[in-house]
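Asker: Numbering of the sequence shown is given in this note's numbering, commencing with residue 1 and proceeding in unit increments. Even glycine gets a Cβ: it sits at the ideal position worked out from N, Cα and C. Would you mind keeping the following structure in view while I ask a few things?
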Amino acid sequence: MQSIRSLCVSCTLALVLAVALAGCSTTASKKSLSASEQGLYLEEKVKNYRNAALRYSQAEEDARKDGFPEAVEQYSRAKAAAQKELENAERELSAHEAAKSVKAPKTTP
Numbered sequence: 001m002q003s004i005r006s007l008c009v010s011c012t013l014a015l016v017l018a019v020a021l022a023g024c025s026t027t028a029s030k031k032s033l034s035a036s037e038q039g040l041y042l043e044e045k046v047k048n049y050r051n052a053a054l055r056y057s058q059a060e061e062d063a064r065k066d067g068f069p070e071a072v073e074q075y076s077r078a079k080a081a082a083q084k085e086l087e088n089a090e091r092e093l094s095a096h097e098a099a100k101s102v103k104a105p106k107t108t109p
């Protein structure tokens, strides 16, 4: 019974990681996007990494409750990686918004 649970946890982890990596490997060129599209892309990227970190955190807690130390370790590493990517995405978004506000045309009445 425990080996089946361990296999299920491992398969779930592999699936989640595969989906996360597929999302990370999009080949959309940032330079070809307009400023508004770039902003939307970065906002979505932040949202996705935030959700991934939350999902990994929940999975880590579930594995801890179920007594799967290997899964706890794997989810912990995945959560840390997602949080690091979240920080990078938030910095990108902040830089984009700062650059956008500097470039904003000033209208005169």
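1) By the 10 Å Cβ neighbour count, where 16 or more other Cβ atoms means buried, how is Leu-40 classified, buried or exposed?
2) Whose C-beta lies closer than 7 angstroms to the C-beta of Lys-79 among residues of the same chain, with five residues either side of it excluded?
3) Could you check where the alpha helix (DSSP H) with Leu-40 kicks off and where it finishes?
4) Is it the case that the Cβ atoms of Glu-92 and Leu-42 are separated by a distance below 9 angstroms?
5) Whole-angstrom Cβ separation of Val-46 and Glu-90, contact assumed at under 8 angstroms?
Answerer: According to the structure data:
1) Against the sequence shown, residue 40 aligns to sequence position 40. Exposed, by the Cβ-count rule.
2) For the purposes of this step, residue 79 is taken as the residue at position 79 of the sequence shown. Result list for Lys-79: Ala-53, Tyr-56, Ser-57 and Glu-60, in chain order.
3) Taking the sequence shown and counting its residues from 1, the one referred to as residue 40 is at position 40. Per DSSP, Leu-40 belongs to the alpha helix (DSSP H) from 35-66.
4) Counted from its first residue, the sequence shown places residue 92 at position 92. Counted from its first residue, the sequence shown places residue 42 at position 42. For Glu-92 and Leu-42, yes; Cβs fall inside 9 angstroms.
5) Within the sequence shown, residue 46 is the residue found at index 46, counting from 1. Within the sequence shown, residue 90 is the residue found at index 90, counting from 1. Val-46 to Glu-90, Cβ: 6 angstroms. Contact.
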